[in-house]
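See below for the structure under consideration.
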Amino acid sequence: MAKATGEPERKPRPGRKASRGAAPAARAPASTRPAGAGPRSPLLDVWDGDPLTEEERAALAVARGYPASGPSSPLDPRLWPDLSDVETEDDEPVDSWLAEKEQRLLTEPLYGSWEGPGDGRPFVAMANVGLFYRGYHPPVVPDAMLSLDVETPDDFSITANQSYFTWVAGKPPDVVIEIVSKRPGGEGDRKLELYAQIGVPYYVIHDPYRRLSQDLLRVYRLVVRHYERMADGRMPEVGLSLALWEGKYEGSPATWLRWHDLDGVPIPTSAERVEAERRRAEAAAQRAEAEAHRAEAEAQRAEEARQRAETAEAMAARLAARLRALGVDPDGEPSAG
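Letter by letter, the sequence shown follows residues 5 to 341 of the numbering used here.
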């Protein structure tokens, strides 16, 4: 997993793109308006003496990495920082097979089986995607993120759609998850403070190798820009919970971190959902077959009863005929001799 650095920003050499941990070239000063620039600057409070509106100031607070004081909306594209030199990908590998699989387990079930937060609200779930929280600062790259009320981009060729930019989404993600590798990357201290500064409502640390402490799972909730540890992983505002689950995923047995509903039922993977549907269909077929057998048995019993009734009726008719031959009325009293 790529790591955010705490080093000061560095300008790239002329003619080269900035690396993931370096800042792009500085913008033109306020006295010089860049060619093709919009009427507002993402780094200034005024543009050619024209003050920003209160709405623009609130949006800029998100772009600069400050938690919004209330509901926010995506920043006007004219106010976006220049993304032409931003690198949204690197070649750093994922830490381990467990992390790679768990990243998938923390995203795929949401798209395959979760109905979402309700009322048709959209969401995005991402793994190992850069979180850009302040203009020209290097990103932090969580193992997984979930953000409600954000649409999946249509065109991934656009730089602004290749990572999670808080000023494009209009908000920080709702949940950020870090999986501690064998080389801890500040998950329990530096990133704890950083995600609080960004304004992420829920921060989750899965420590499968117990590198930070004896706790495999820690869940935090943001309270007045500081995190407080929670007793469990229930997130009512999200409509989900996170908990450890022991079982096989993609053939590998382990203690996995995965999404559950608020009642503690795991959100199934697509494979689990297909298997559950197959089992339900198989059980329904078995019930239908059993019902058919019961109906057939009932019909057979009815047929046997009908045959017994016909046999009894035939025997009664023969007996009555014999009695009549003897001068006995089978339906009345014997005649007087």
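All C-beta atoms in this analysis are idealised placements derived from N, C-alpha and C, irrespective of residue type, glycine included.
For residue j and residue i, the rounded distance between their alpha carbons
i, j, result
"E232", "F127", "25 Å"
"K186", "E293", "54 Å"
"F136", "V179", "15 Å"
"S161", "A287", "47 Å"
"D153", "V227", "21 Å"
"A260", "W171", "First, the amino acid is wrong: residue 260 is Trp here, not Ala. If I take the Cα positions, the gap works out to 32 Å."
"D193", "E155", "31 Å"
"G251", "P257", "5 Å"
"S100", "P205", "27 Å"
"R322", "E307", "23 Å"
"E317", "R291", "38 Å"
"E300", "A324", "36 Å"
"W263", "P121", "13 Å"
"P334", "M319", "13 Å"
"R326", "G336", "14 Å"
"L114", "E104", "17 Å"
"R328", "A289", "58 Å"
"R282", "V269", "19 Å"
"A200", "R138", "14 Å"
"E119", "R298", "39 Å"
"R277", "P157", "26 Å"
C-beta contact flag for residue i and residue j at 7 Å
i, j, result
"E112", "I183", "no"
"V208", "L248", "no"
"L150", "A173", "no"
"P4", "S117", "The structure shown does not extend to residue 4, since the chain is modelled only from 5 through 341, so no value can be given for it."
"R221", "H210", "The question names Arg, but residue 221 in the sequence shown is Leu. Closer than 7 Å, so yes."
CB-CB length for residue i against residue j, believed under 8 Å
i, j, result
"E197", "L216", "Not really, about 15 Å apart at Cβ, beyond 8 Å."
"L110", "A148", "4 Å"
"V223", "Y168", "About 21 Å; that fails the 8 Å criterion."
"V144", "K175", "About 16 Å separates the two Cβ atoms, so there is no contact after all."
"P146", "I181", "6 Å"
Residue i classed as buried or exposed, judged by whether at least 16 other C-beta atoms fall within 10 angstroms
i, result
"A280", "exposed"
"H177", "It is Pro, not His, that sits at residue 177 in the sequence shown. Burial call: buried."
"G203", "buried"
"L266", "exposed"
"R238", "buried"
"G255", "exposed"
"L244", "buried"
"A303", "exposed"
"A131", "buried"
Suppose only complete runs of 4+ residues qualify. What are the alpha helix (DSSP H) ranges in the stretch 190-254, listed by chain order? 194-202
Mind pulling the alpha helix (DSSP H) runs of 4 or more residues that sit fully within the stretch 109-192? 112-117, 170-173
What are the uninterrupted segments assigned as alpha helix (DSSP H) that are 4 or more residues long and contained completely in the stretch 254-286, given in chain order? none
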